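Asker: Dropping the structure in here first, questions after.
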Amino acid sequence: MSYERDGVQYFAFQTGWSGFNSEPVAADAPPPYLNDGRLIVLRLGGAKVPVAPRAQRSPFLAIDLPQEPKLVAKGASAYLTHCAICHGHLGEQTLVPDLRRMSSTTYDNFNAIVLGGVLKSAGMASFSDILQASDAEAIRAFIVDWAQRARRDDPSASKMPVIPAGTETPRLPGH
Ligand code: HEC
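Residue numbers (the numbering used here): 1271 to 1445.
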C-alpha cells in the first residue's frame, strides 16, 4: 500500500510468511534465510532495509533403530492428513517446527504434546479428539524414519511419502 504522511510518500508491503511468497520452498534446497512475516516500509532517503536473519536449523533427530514399515505407512498417512498442513509436506521450512528436527526430549514428550496439548497456548492443539495413542505412535515412527532418510540424504526424504493401498488413516468422526 502507498500513503502520504507530513508530505512524505511511503510504500508499505508485507513479505515472508503471511506476506507475498512467489514460489513454494524447495525441500531439498531450503532458503538460507528465515522467512518470518515482516512489514517493509520504504520512503525516499529512508534507512536500509535489514536483511532477514540466517536460518539456524537444529540437527535431524538421531535415532538409528529401524522403524516397522507398516507402522511408518500408517503414520505417514495420518501425518499427511492431520499434521502436514502446518508442519510441511516435504520437510520444507515453515514457521512451524520441522518435526524431523525435534529434540530427544520432544520425542519423549510426543504424546503429551500431540494428545495432551501441553503446547496448546503456542498454537499446537491437542489431537486427542481424533487420534488414539496408537496413531500418535505411528506418526512418531514415520517421523523417525523420515529423519533417518534425511540424515542419509535419501531422495525420498524430500518427496511425498507413498502410502500403500489399504493403509488405515484416522479421520475426523463423521468424515
Ligand atoms: C494448525 C497447525 C498445526 C497442526 C495441524 C499441527 N501442529 Fe504441531 N505444532 C504447531 C505449532 C505452531 C507448533 C510450535 C509450538 C511451539 O512454538 O512450541 C507445533 C509443535 C509441535 C511439536 C513440538 C515440536 C518441537 O520440536 O518442539 C510436535 C511434536 C508437534 N507439533 C506434533 C504435531 C503432530 C504429530 C501433528 C499432527 C497430528 C501436528 N503437530 C499438527 C502447529 C500445528
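From the three backbone atoms N, C-alpha and C, an ideal C-beta is built for every residue, glycine too. Computed from a predicted model, the values in this text were never measured in an experiment.
The alpha helix (DSSP H) with S1272 in it runs from where to where?
Answerer: Numbered from 1 along the sequence shown, position 2 holds the residue referred to as residue 1272. That residue, S1272, is in no alpha helix (DSSP H); its beta strand (DSSP E) goes S1272 to R1275.
Asker: Please report the distance separating the alpha-carbon of I1413 from that of Q1279.
Answerer: Position 143 of the sequence shown, counting from 1, holds the residue named residue 1413. Position 9 of the sequence shown, counting from 1, holds the residue named residue 1279. If I take the Cα positions, the gap works out to 50 Å.
Asker: Run the proximity test for F1330: is its beta-carbon closer than 7 Å to any non-hydrogen atom belonging to the ligand HEC?
Answerer: The count along the sequence shown starts at 1 and reaches residue 1330 at position 60. No; taking the cut-off as 7 Å, the Cβ of F1330 has no heavy atom of the ligand HEC nearer than that.
Asker: Is the beta carbon of M1430 closer than 8 Å to that of L1341?
Answerer: Sequence index remark: in the sequence shown, residue 1341 carries index 71 (1-based). Sequence index remark: in the sequence shown, residue 1430 carries index 160 (1-based). Result no, Cβ atoms of L1341 and M1430 do not sit closer than 8 Å.
Asker: Looking at the ligand HEC, does it come within less than 7 Å of F1397, judged from the CB to the closest heavy atom?
Answerer: The residue labelled residue 1397 in the question sits at position 127 within the sequence shown. Yes, the beta carbon of F1397 sits closer than 7 Å to at least one heavy atom of the ligand HEC.
Asker: Starting from the C-beta of S1272, find all residues in its chain whose C-beta is less than 8 Å away, skip the five residues before and the five after it, and write them out in chain order.
Answerer: If you number the sequence shown from 1, residue 1272 lands on position 2. So the qualifying residues of the chain are Q1279, Y1280, F1281 and A1282.
Asker: Is there at least one non-hydrogen atom of the ligand HEC closer than 7 Å to the beta-carbon of T1437?
Answerer: Residue numbering aside, residue 1437 sits at position 167 when the sequence shown is read from its first letter. No, the ligand HEC has no heavy atom inside 7 Å of this Cβ.
Asker: Between V1319, F1397 and P1302, which lies nearest to R1308 when the distance is taken from Cα to Cα?
Answerer: Position 38 of the sequence shown, counted from the start, is the residue given in the question as residue 1308. Cα-wise, what sits closest to R1308 is V1319.
Asker: Could you pull out every residue in the same chain whose Cβ sits closer than 7 Å to the Cβ of S1396, ignoring the five residues on either side in sequence?
Answerer: Position 126 of the sequence shown, counted from the start, is the residue given in the question as residue 1396. Only L1385, G1386, G1387 and K1390 meet the Cβ criterion.
Asker: Do you know offhand how far P1329's Cα is from S1347's?
Answerer: As a first step, residue 1329 must be located in the sequence shown, where it is residue number 59. As a first step, residue 1347 must be located in the sequence shown, where it is residue number 77. C-alpha separation (whole angstroms): 24 Å.
Asker: Does at least one heavy atom of the ligand HEC sit under 7 Å from the Cβ of G1393?
Answerer: As a first step, residue 1393 is located in the sequence shown; it is residue number 123 there, counting from the start. At least one heavy atom of the ligand HEC is nearer than 7 Å to the Cβ of G1393, so yes.
Asker: Assuming the contact rule is C-beta atoms closer than 8 Å, T1375 and I1383 should be a hit. Round their C-beta distance to whole Å, please.
Answerer: Counted from its first residue, the sequence shown places residue 1375 at position 105. Counted from its first residue, the sequence shown places residue 1383 at position 113. With a Cβ gap of about 11 Å, T1375 and I1383 do not count as contacting.
Asker: Give me the Cα-Cα distance between R1410 and L1304, rounded to the nearest whole angstrom.
Answerer: For the purposes of this step, residue 1410 is identified with residue 140 of the sequence shown, where counting begins at 1. For the purposes of this step, residue 1304 is identified with residue 34 of the sequence shown, where counting begins at 1. Cα to Cα, R1410 sits roughly 26 Å from L1304.
Asker: Following the continuous beta strand (DSSP E) through R1421, name the residue where it begins and the one where it ends.
Answerer: Here the question's residue 1421 lines up with position 151 in the sequence shown. No beta strand (DSSP E) contains R1421, which is instead part of the alpha helix (DSSP H) from A1403 to R1421.
Asker: What whole-angstrom Cβ distance do A1408 and G1345 have, given they're in contact under 8 Å?
Answerer: Translated into positions along the sequence shown, residue 1408 becomes position 138. Translated into positions along the sequence shown, residue 1345 becomes position 75. Indeed they touch by this definition, with Cβ atoms about 4 Å apart.
Asker: Within 10 angstroms of its Cβ, does D1368 collect 16 or more other Cβ (buried), or is it exposed?
Answerer: Counted from its first residue, the sequence shown places residue 1368 at position 98. Burial call: buried.
Asker: Quick one: Cα of E1438 to Cα of D1405, how far?
Answerer: Locating residue 1438 in the sequence shown gives position 168, where the first residue counts as 1. Locating residue 1405 in the sequence shown gives position 135, where the first residue counts as 1. Their backbone Cα atoms lie some 10 Å apart in a straight line.
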